[in-house]
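Novice: To convert a position in the sequence shown, counted from 1, into the working numbering, add 214. Glycine is no exception: its CB is placed at the ideal position from the N, C-alpha and C atoms. Every value quoted in this text rests on a predicted model; they were computed, and no experiment measured them. Before I ask anything, let me first share the structure, which is written out below as C-alpha cells.
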Amino acid sequence: MVSSGRRWLREQQHARWRLHCLKLQPLSPVPSDLEISRAQTPKAVDVLAKEIGLLADEIEIYGKSKAKVRLSLLERLKDQADGKYVLVAGITPTPLGEGKSTVTVGLVQALTAHLNINSFACLRQPSQGPTFGVKGGAAGGGYAQVIPMEEFNLHLTGDIHAITAANNLLAAAIDTRILHENTQTDKALYNRLVPSVNGVREFSSIQLARLKKLGINKTDPSALTEEEVSKFARLNIDPSTITWQRVLDTNDRFLRKMTIGQAPTEKGYSRQAQFDIAVASEIMAVLALTDSLADMKERLGRMVVASDKDGQPVTAEDLGVTGALTVLMKDAIKPNLMQTLEGTPVFVHAGPFANIAHGNSSVLADKIALKLVGQEGFVVTEAGFGADIGMEKFFNIKCRASGLVPNAVVLVATVRALKMHGGGPSVRENKKCYTE
Numbered sequence: 215m216v217s218s219g220r221r222w223l224r225e226q227q228h229a230r231w232r233l234h235c236l237k238l239q240p241l242s243p244v245p246s247d248l249e250i251s252r253a254q255t256p257k258a259v260d261v262l263a264k265e266i267g268l269l270a271d272e273i274e275i276y277g278k279s280k281a282k283v284r285l286s287l288l289e290r291l292k293d294q295a296d297g298k299y300v301l302v303a304g305i306t307p308t309p310l311g312e313g314k315s316t317v318t319v320g321l322v323q324a325l326t327a328h329l330n331i332n333s334f335a336c337l338r339q340p341s342q343g344p345t346f347g348v349k350g351g352a353a354g355g356g357y358a359q360v361i362p363m364e365e366f367n368l369h370l371t372g373d374i375h376a377i378t379a380a381n382n383l384l385a386a387a388i389d390t391r392i393l394h395e396n397t398q399t400d401k402a403l404y405n406r407l408v409p410s411v412n413g414v415r416e417f418s419s420i421q422l423a424r425l426k427k428l429g430i431n432k433t434d435p436s437a438l439t440e441e442e443v444s445k446f447a448r449l450n451i452d453p454s455t456i457t458w459q460r461v462l463d464t465n466d467r468f469l470r471k472m473t474i475g476q477a478p479t480e481k482g483y484s485r486q487a488q489f490d491i492a493v494a495s496e497i498m499a500v501l502a503l504t505d506s507l508a509d510m511k512e513r514l515g516r517m518v519v520a521s522d523k524d525g526q527p528v529t530a531e532d533l534g535v536t537g538a539l540t541v542l543m544k545d546a547i548k549p550n551l552m553q554t555l556e557g558t559p560v561f562v563h564a565g566p567f568a569n570i571a572h573g574n575s576s577v578l579a580d581k582i583a584l585k586l587v588g589q590e591g592f593v594v595t596e597a598g599f600g601a602d603i604g605m606e607k608f609f610n611i612k613c614r615a616s617g618l619v620p621n622a623v624v625l626v627a628t629v630r631a632l633k634m635h636g637g638g639p640s641v642r643e644n645k646k647c648y649t650e
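So this is what it looks like as C-alpha cells:
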C-alpha cells in the first residue's frame, strides 16, 4: 500500500495540470487595461492552488484571489525534477516601459491555456511610487495581464509594508543607540543591554555572537572587565557615516532631504537624513536572494549600516535587531500566488530595483515554480529594467545565488524604444511615436 501510494504521488507530480482556463472575450477597439481586468472574474485562488498541485496546508489565503505559498513545499518536492527556465529581458526601455511583463504573461498564457503545457510566470511586485507616476502599474497589459490588477499593483499581501517596518525599525535603532551611548555611562548601558531577570543575568545568542566577534571568550556577564564592558556596550557609531535611510513606498519629494532629532528630548542630536523609496531598501534585495528563513536572518544580520569612529563597519547584527527584522519578514518570504486573465498561475514576489540592487523577482518563487511545473513544464521569469543591468545582474547575481541556469532568453525589443534611443524625440504618455 505504501509503495502504491508513493507511485501515485510521483505520477501526480509529473502529470499535466487539470487546469480550468478562463475564456477571453476580446473586444475591438481594445478597452483600457483596467476595464479588461474588471471584465474577467478570476477563479478562487484555492481552486487554482489545487489545480497546480498545492496541498491545502501549503497555502495561506488572502481574500479570494491571492495566497501565500509556504516554503515547506520545497521539502515535499525536493526529488521532483525542475522544469525549463526561461528569462524575459528587454532592450533599454522608454519611461513608459516596453512590455516585458506583458510578454512574460502572454507567453505563459499561450503555453498553458492554448498548448496545455504546465507553465508559471514569475514577476516582481511593483512599487506604489512608479504605479502612481508616469510609468503606471506592472501587471502586464491588454489581454496579457495579472488579475485583479488593482490588488497586484497596490499592497498585494503587504510584503512591501513589512520591508518598510523592518527597515525603519533598524533606522530607529541606529539613532537611538547613538543617543543612549552619548548620555549614559558604560555601566548603565551594560545593565540595560544585559538586565537582571529574577536575579539572573544572561547573554542572548546575538550578544554571544557579538562577544565572539570582539574576541571576548566569556559567557558569564559578571566576568567581563571594565574594558570589555565598554567594548561590548559601545558601538561608537560615527553619525556622518550612516548609510541606512528611512523608507516609504510613496513618491514624496519633500522627504528627500530633512532634518531629524529636533524634539527637545533629542536636543543636540539632530542631523540631516532622507527617505528612500521602500523597494530601494537593502532588505528588498535580501528578500529576493534568500532561499530560506535561516538564510534570510544571516543576510539581514550582515547588512552594514554605518562605520564606527575607527572606520570599522557596523552591522544590523551589532545593533542586536536581526531577530526582530526576521520576525517582521517571516510572512514576506513566502511567494504570492495570483493568476493571469486566462486563469494560469503567477508568482509575484519581491521587487528590487536594478539600478541599486539586482532587479529580479525572488529566487524562492522561481525554485518553487520550477518544482510545480514538472520536468516538461516552463517557468518564465522577468528581469527588470534593460538587459544591460536587469539581465546582466540576473546572470551574475541571481543565478550565482540560486544555482539555476536558464534554458532560453526572450529579448523584448520595440520600434518605439529604438527610435527614442537612436536620436528620436522622447516618448510621452498619450503621444504617438513619430514616423519618418
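Is M472 buried or exposed, if buried means 16 or more other CB atoms sit within 10 Å of its CB?
Specialist: In the sequence shown, residue 472 corresponds to position 258, counting from 1. Counting Cβ neighbours within 10 Å, M472 comes out exposed, since fewer than 16 surround it.
Novice: For E496, count neighbouring C-beta atoms within 10 Å of its own C-beta (all shown protein chains included) and say buried if the count is 16 or more, exposed if not.
Specialist: Walking along the sequence shown from the start, residue 496 turns up at place 282. Buried: at least 16 other Cβ atoms inside 10 Å.
Novice: Compute the Euclidean distance between the alpha carbons of L329 and V261, then round it to the nearest angstrom.
Specialist: As a working mapping, residue 329 is identified with position 115 in the sequence shown. As a working mapping, residue 261 is identified with position 47 in the sequence shown. In this model, L329 and V261 are separated by some 21 Å (Cα to Cα).
Novice: Grouping DSSP H, G and I as helix and E and B as strand, with all else coil, what is R470?
Specialist: For the purposes of this step, residue 470 is taken as residue 256 along the sequence shown, with counting starting at 1. Here R470 sits in coil by DSSP.
Novice: With a threshold of 16 other CB atoms inside 10 Å of the CB of R406, please say whether the residue is buried or exposed.
Specialist: What you label residue 406 is simply residue 192 of the sequence shown in a count that begins at 1. Counting of Cβ neighbours within 10 angstroms places R406 among the exposed residues, the total staying below 16.
Novice: Counting Cβ pairs closer than 8 Å, one from the region 589-597 and one from the region 316-333, do we hit at least three?
Specialist: yes
Novice: Report the three-state DSSP secondary structure of D463 (helix, strand or coil).
Specialist: Here residue 463 corresponds to residue number 249 of the sequence shown, with the count starting at 1. Correct three-state label for D463: coil.
Novice: Can you give me the C-alpha to C-alpha distance between N621 and K298, rounded to a whole angstrom?
Specialist: Here residue 621 corresponds to residue number 407 of the sequence shown, with the count starting at 1. Here residue 298 corresponds to residue number 84 of the sequence shown, with the count starting at 1. Cα to Cα, the separation comes out at about 6 Å.
Novice: In whole angstroms, what separates the C-alpha of K560 from that of V535?
Specialist: As a working note, residue 560 is residue 346 in the sequence shown. As a working note, residue 535 is residue 321 in the sequence shown. Sequence inspection shows Val at residue 560; the Lys mentioned does not correspond to that position. Straight-line Cα distance between these residues: approximately 33 Å.
Novice: Assign C235 to one of three DSSP states: helix, strand, or coil.
Specialist: Counting from 1 along the sequence shown, the entry for residue 235 is found at position 21. In this structure, C235 counts as coil in the three-state DSSP scheme.
Novice: Return the first residue and the last residue of the beta strand (DSSP E) that E274 is part of.
Specialist: Working through the sequence shown from its first residue, we reach residue 274 at position 60. In the DSSP annotation of this structure, the continuous segment of the beta strand (DSSP E) that includes E274 starts and ends at I273 to Y276.
Novice: Would V319 count as contacting chain C if we go by Cβ distances under 8 Å?
Specialist: Reference to chain C is not applicable here, since this structure consists of a single protein chain.
Novice: Can you name, in chain order, every residue of its own chain whose Cβ lies under 6 Å from the Cβ of W231, other than the five neighbours on each side?
Specialist: As a first step, residue 231 is located in the sequence shown; it is residue number 17 there, counting from the start. If we look at W231 and ignore the five residues flanking it on each side, its Cβ neighbours are E265, I266 and N332.
Novice: Between L268 and L578, what straight-line distance do the alpha-carbon atoms span, to the nearest angstrom?
Specialist: Mapped onto the sequence shown, residue 268 falls at position 54. Mapped onto the sequence shown, residue 578 falls at position 364. Cα-Cα distance, rounded: 16 Å.
Novice: I361: which of S640, L539 and L555 sits nearest, CA to CA?
Specialist: Walking along the sequence shown from the start, residue 361 turns up at place 147. Of the listed residues, the one whose Cα sits closest to I361 is L555.
Novice: With 16 as the cutoff for other CB atoms within 10 Å, does K523 come out buried or exposed?
Specialist: Mapped onto the sequence shown, residue 523 falls at position 309. Classification of K523: exposed, given that the 10 Å Cβ count is below 16.
Novice: Give me the Cβ distance between V541 and S341, rounded to the nearest whole Å; I'm assuming they're in contact under 8 Å.
Specialist: The residue you call residue 541 lines up with position 327 of the sequence shown. The residue you call residue 341 lines up with position 127 of the sequence shown. V541 to S341, Cβ: 23 Å. No contact.
Novice: So for K401, helix, strand or coil by DSSP?
Specialist: For the purposes of this step, residue 401 is identified with residue 187 of the sequence shown, where counting begins at 1. Reduced to three states, the DSSP call for K401 is helix.
Novice: Output the boundary residues of the alpha helix (DSSP H) element that contains I582.
Specialist: For the purposes of this step, residue 582 is taken as the residue at position 368 of the sequence shown. Residues V577 to V587.
Novice: Taking the alpha carbon of P409 as the reference point, which residue from I388, I392, E364 and S436 has its own alpha carbon closest?
Specialist: Taking the first residue of the sequence shown as 1, we reach residue 409 at position 195. Looking at the Cα atoms, S436 is the closest of the given residues.
Novice: So, does the region 243-261 touch the region 271-279, judging by three or more C-beta pairs under 8 Å?
Specialist: yes
Novice: Taking the Cβ atom as the reference point for each residue, do M363 and L238 lie within a distance shorter than 8 Å?
Specialist: Position 149 of the sequence shown, counted from the start, is the residue given in the question as residue 363. Position 24 of the sequence shown, counted from the start, is the residue given in the question as residue 238. Going by C-beta atoms, M363 is not nearer than 8 Å to L238.
Novice: Which value, in whole angstroms, describes the spacing of the CA atoms of P527 and A520?
Specialist: To locate residue 527, count along the sequence shown from 1; it is residue 313. To locate residue 520, count along the sequence shown from 1; it is residue 306. Going from the Cα of P527 to the Cα of A520 covers about 6 Å.
Novice: Pull up the distance between the alpha-carbon of L236 and that of T316, whole angstroms please.
Specialist: Counted from its first residue, the sequence shown places residue 236 at position 22. Counted from its first residue, the sequence shown places residue 316 at position 102. Going from the Cα of L236 to the Cα of T316 covers about 18 Å.
Novice: Which class does Q421 belong to by DSSP, given the choice of helix, strand or coil?
Specialist: Here residue 421 corresponds to residue number 207 of the sequence shown, with the count starting at 1. If DSSP states are grouped into helix, strand and coil, Q421 belongs with the helices.
Novice: Could you pull the start and end residues of the alpha helix (DSSP H) that L361 belongs to?
Specialist: Against the sequence shown, residue 361 aligns to sequence position 147. Looking at the sequence shown, residue 361 is not Leu but Ile. No alpha helix (DSSP H) holds I361; the beta strand (DSSP E) holding it covers A358 to I361.
Novice: Whole angstroms is fine: what's the gap from S506's alpha carbon to K612's?
Specialist: What you label residue 506 is simply residue 292 of the sequence shown in a count that begins at 1. What you label residue 612 is simply residue 398 of the sequence shown in a count that begins at 1. Their backbone Cα atoms lie some 15 Å apart in a straight line.
Novice: Using the Cα positions of V623 and L325, report the straight-line distance between them to the nearest angstrom.
Specialist: Along the sequence shown, read from residue 1 onward, the residue named residue 623 stands at position 409. Along the sequence shown, read from residue 1 onward, the residue named residue 325 stands at position 111. Approximately 16 Å between the Cα atoms of the pair.
Novice: From this set, G617, P309 and G372, which residue's C-alpha is nearest S640's C-alpha?
Specialist: Along the sequence shown, one-based indexing puts residue 640 at 426. That would be P309, whose Cα lies nearest to the Cα of S640.
Novice: Spatial neighbours of M655 within its chain, please: CB distance less than 6 Å, with the 5 preceding and 5 following residues excluded, ordered by chain position.
Specialist: Within the shown structure, residues of the chain are numbered from 215 to 650, placing residue 655 beyond reach of any answer.
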